[in-house]
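Working notes for the structure below.
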Amino acid sequence: MTDDHKDRILADCLEAYHRQRARGEVPDMEALQAELPEDLHEDFLELVAAETAIDEALEPAGDAALPLAWGKYTILREIARGAAGVVYEALHRELGRKVALKVLRTGLDTDDVTRERFRREAQALAQIHHDHIVEIYEFGEFDDRPFYAMSLVEGPTLSDLVKRDERPEPREVCEGLAGVANALHALHEAGMVHRDVKPSNIMIDMNTGRYMLADFGLARTAMSATVTRTGDALGTPLYMSPEQMLGNRDAIEARTDVYGLGATLYQMLTGKPPFKTDNLHALMRMVLSQRPEPARTLNPDLPAGCSSIAMKCLEKEARDRYASAADMENDLRAFAEGKRVSGKPLTPWQRSVRQVVKHPVLAVAATLLVAFAVWFAAKPPAPGRLSVTTTQTADIRVGGAGAWLQAPMRNQEVEPGRKHLVTVKPKSDAYLERTFEVQIDSGSTLEKEIWLQPRDPNNVAAYGSLQADTGVDAVEDLSGMPGVHRGFGDEAPIVELWFPRGKVRMEDLGRWEAHISLDFPEDGGEIRFSAGEEQLGTMDFPEPETQLTAGDMSDEIRGKLQVGMIVTWQFHDKRGKAVGRPATFEITDVDLRERFEGIEAKFEGWTEEGRSIFGATLRAELMINHGLYGPAFLALRPFVKKESATQRMILLQKKALESLFSDRKERRELKDRWQLWIEVDEAYRAYTKEEWTSYLEKLGTR
Amino acid sequence: MDLGQTQTLILRALDGTEKDKSTLLEYLRPRLVLWAAGRLSPALRSKLEPDDVAQEALIAIHRGIGGFQGRDDRQFLAWVFKIAENRIRDLADHHGAQKRQPVIPPQDFSQTSPSTAAARREEVDRVARALPGLPDDYRQVLSLRRFEEREVREIAEIMDRSENAVRILYCRALKALRKAMDDGAEDGGPVPQKP
């Protein structure tokens, strides 16, 4: 191809880029690139980089000021600013009426769907008249931006009260929120879900004393919309339900709002949101898998009733919360009137059962996160010696690694209230050994959430290599295996098979591990390996409590392995009956560790926070690209829906990073890093898509 | 550019307070700096700084904004760059006559604005430094398309080329700009280093 011809093609593509921008869209880089021959991809990115540099240069130095007028409204002041919209106090010039004017922000990720949703929800809301819902007067568009005008509620938001430390008495809060619950119920009956119930969206009308529900239709389900919410102190989705965290739109329903209202109640009772951390991924992990401190633990003065209402709302599984906002209202009213509250959160025993059973929350909780082995040895201080060896999945995050440990106990060891000393020995040197005292509370399970300390909290490179060294998360597998954990607490033996899933290099076979526990016949069995029709060989599995890793694979089997081969392994008992589900891994020649290390090197000189968020998402992206971790893909699916995964990740990262920095200069530097990221991504793109797709097909995953 | 935003800013500045006017002017400033960086001929470049041209132009725009008749953002930008063009001519004459005299100091409107004319931002700097080294037609096409926000059709007329030729030229100009920016960064200039 001549240079002339190349330039012509690039110019056409650039025109398409400009047309998309002119329409106010985020240019779909992947689609645009797809139109180009491969050798021009890099050239095109260069062009876009130049465009971006000009865009940034053209930004005015000061923050853009308030618009003065909006159609027939005069803007008086800004009340609030969220990811999707800005609310102004405004004056209707002809009617002389003050209103709250909500304007949809048009920016990077505004698309027609968002506009349409904004419009539809405003219209639907206009049909609802409720004492606790802000009334909508008008919907319209001005300057190509949709807006709606609603009654101006004068008074503080609940979030203002928390900030000023002026939280009302529990009874008063419950009475006020009962009205909001009633409003939510009306909304649900009308087929809508608020999706963003939180203290800053509930106002107390100074004139009537009513708690008013506000901010409709701006909440979106995708994480991206919420992480950037500049109005939030942390810019994090503190009040988001697990199903929203997962971006599972289908799962969002009335009980999602019950969660939000419960989180609000929790904060009004304790002064704190249910979970709090400044690390988005840590927060995600907490919301998905960790139980909030009971409200009464934080504030012992609280009456039990209101604390249980909040805790019931905060259950991870929607079915464990109040069935409807109306049910919640009943309890809130009952409490306010000094009557008995009916709703109770799950008991610890119910909870432990739930945790073990296949659970999308648990499965995905371990996603951005990594599974790794923890040796677990319990020593009772009393005579006799208890030694339990098990492996558990654990998640790792910057600043620490957490493990939710469950050790099945033998009958004679089970004694509620008995204390055990447990030493957790992390498999990787990157983490410190720790000893905890735990006790058996109920059932026959020793359980505790344990946090590991990294040896060097600043060593992100160690973090990366830990990842490369450790196993592939097998939570997904466990879930599908019949009888997993069924023998919990009795004599059923535990078997650990440590084999890879996903992709693994032949030389890394011994390093990659998957942890599978399953019911095991007393007389042992074998693992059979095959590739398609070809039988590769077997490995003996002599007895319960055996540990086998892929490193133990015989030379005979190894000799047959080839790059590109999909290896299936399946456990069979002595009678030849298959136990559990087969799993597969693919032999690859892609050295992931090298890549991780290469990328880690690029993080030199970054701030700790920047590294943690950026690093984590980058890794997640790599996982997608390499099809390495099935669960990671599931967790990230919400981002993949409309835009390409890459684009979404970039956006997410950029916003997450920006939310960490208030200073313009720092933000600017981040932008440069963002560009760097694209370069990194580009270097990997060549492998990604087909590989991932075929991997999924092979796994039979969607 | 978000033309909608410009429109709002213009409308407000026309009827509004000094603060509204200065908001609009600050909005125009980086655009004028870049435009001047691309516009100054090598002879003038030794005498004039793009920032000074922008500042001069902004003062003139501030003074003349009451007289602007149009309402459309494109008309407004055309008007702005006409003023800027005039300022360059005046300044060039001024310098021709008086050799290297300091340019007129900034005047009062900037006092109403917290941002300072002197602190040229890094983003602007990156591009402004790269522009003068580009061939004339590259600078022209970048200027017309991105700073003056003209349609390809208009640019084709001004430059007396086909629309296709303009698009390709623009594409090459961008590529050259990007390269010049990278080279500038490697020279250890004031451009922020990538991590």
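Taken in sequence, the protein lines are chains A and B.
Residue 340 in the working numbering sits at position 340 of the first sequence, and the numbers go up by one each step.
Numbers given in the working numbering equal positions in the second sequence, counted from 1, plus 702.
Each residue gets a CB set at the ideal place from its N, CA and C atoms; glycine is no exception.
Within chain B, partners of residue i - CB distance below 8 Å
i, result
"A/Leu47", "Cys873, Leu876, Lys877, Arg880"
Chain A within 8 Å of residue i, Cβ atoms only
i, result
"B/Arg828", "yes"
"B/Leu736", "yes"
is_contact[residue i, chain B] using C-beta, thresh 8 Å
i, result
"A/Asp7", "yes"
"A/Leu36", "no"
"A/Ala50", "yes"
"A/Thr393", "Below a pLDDT of 50, predicted positions are generally treated as unreliable, and A/Thr393, at 35, falls in that range; the measurement from the model is reported next regardless. With 8 Å as the cut-off, A/Thr393 does not count as an interface residue toward chain B."
"A/Lys642", "For A/Lys642, the predicted model reports a pLDDT of 36, less than 50, meaning its position is unreliable and no value from the coordinates is stated."
Proximal chain A residues relative to residue i, where beta-carbon distance stays under 8 Å
i, result
"B/Glu825", "Ala53, Glu56, Ala57, Glu59, Arg668"
Same chain, Cβ closer than 7 Å to residue i, neighbours up to 5 away in sequence not counted
i, result
"A/Ala185", "A small fix is needed here, since residue 185 of chain A is His in this sequence, not Ala. Taken in chain order, the residues that qualify are Ser324, Ala325, Ala326, Glu329."
"A/Gly140", "Gly71, Phe147"
"B/Leu898", "What the structure shows of chain B is the stretch from 703 to 897, and residue 898 of chain B is not part of that stretch, so it cannot be assessed."
"A/Ala537", "The displayed chain sequence assigns Gly, not Ala, to residue 537 of chain A. Hits under 7 Å: Phe529, Ser554, Glu556, Ile557."
"A/Val193", "Ile252, Glu253, Ala254, Thr256, Asp257"
"A/Leu91", "Tyr73, Thr74, Leu76, Lys98"
Within chain A, the residues that residue i reaches when beta carbons sit closer than 7 Å
i, result
"B/Arg869", "Ala11, Glu15"
"B/Arg848", "Ile54"
"B/Met861", "Correct list: empty, because the minimum Cβ distance to chain A is about 15 Å."
Residue range of the beta strand (DSSP E) that includes residue i
i, result
"A/Glu253", "Here A/Glu253 belongs to no beta strand (DSSP E), and DSSP marks it neither H nor E."
"A/Pro273", "From DSSP, A/Pro273 is part of no beta strand (DSSP E); its letter is neither H nor E."
"A/Met203", "202 to 204"
"A/Arg528", "525 to 531"
"A/Pro156", "Counting along the chain, A/Pro156 falls outside any beta strand (DSSP E), and DSSP gives it neither H nor E."
"A/Tyr148", "145 to 151"
"A/Ala100", "97 to 104"
"A/Leu536", "534 to 541"
"A/Leu213", "211 to 213"
"A/Asp573", "566 to 573"
Residue interval of the alpha helix (DSSP H) (run including residue i)
i, result
"A/Leu308", "With the sequence shown as reference, residue 308 of chain A is identified as Ser, and Leu is not the correct amino acid for it. Unbroken alpha helix (DSSP H) run through A/Ser308: 304 to 313."
"A/Arg8", "3 to 22"
"B/Ala745", "744 to 747"
"B/Asp753", "752 to 766"
"A/Thr52", "41 to 58"
"A/Arg558", "555 to 560"
"A/Leu187", "170 to 189"
"A/Phe335", "325 to 336"
"A/Thr297", "295 to 298"
"A/Ile136", "Premise fails: A/Ile136 lies in the beta strand (DSSP E), 136 to 142, not in any alpha helix (DSSP H)."
"B/Asp838", "838 to 844"
"B/Ile860", "854 to 861"
Contacts around residue i, its chain only, beta-carbon distance under 6 Å, and the 5 residues preceding and following it disregarded
i, result
"A/Glu133", "Correcting the residue type first, residue 133 of chain A is Ile in the shown sequence and not Glu. The residues are Ala183, Leu213."
"B/Leu746", "Ala794"
"B/Gly835", "Ala882"
"A/Ala149", "Val99, Leu101, Tyr137, Glu138"
"A/Val173", "Met268"
"A/Leu238", "Pro273"
Cut-off 8 Å between Cβ atoms - residues of its own chain near residue i, not counting five sequence neighbours on either side
i, result
"A/Leu177", "Ile202, Tyr211, Leu261, Thr264, Leu265, Met268, Leu332"
"B/Val829", "Leu736, Ala739, Leu879, Met883"
"A/Gly525", "Phe541, Phe571, His572, Asp573, Lys574, Val579"
is_contact[residue i, chain D] using C-beta, thresh 8 Å
i, result
"B/Arg747", "Any reference to chain D falls outside this structure, whose protein chains are A and B."
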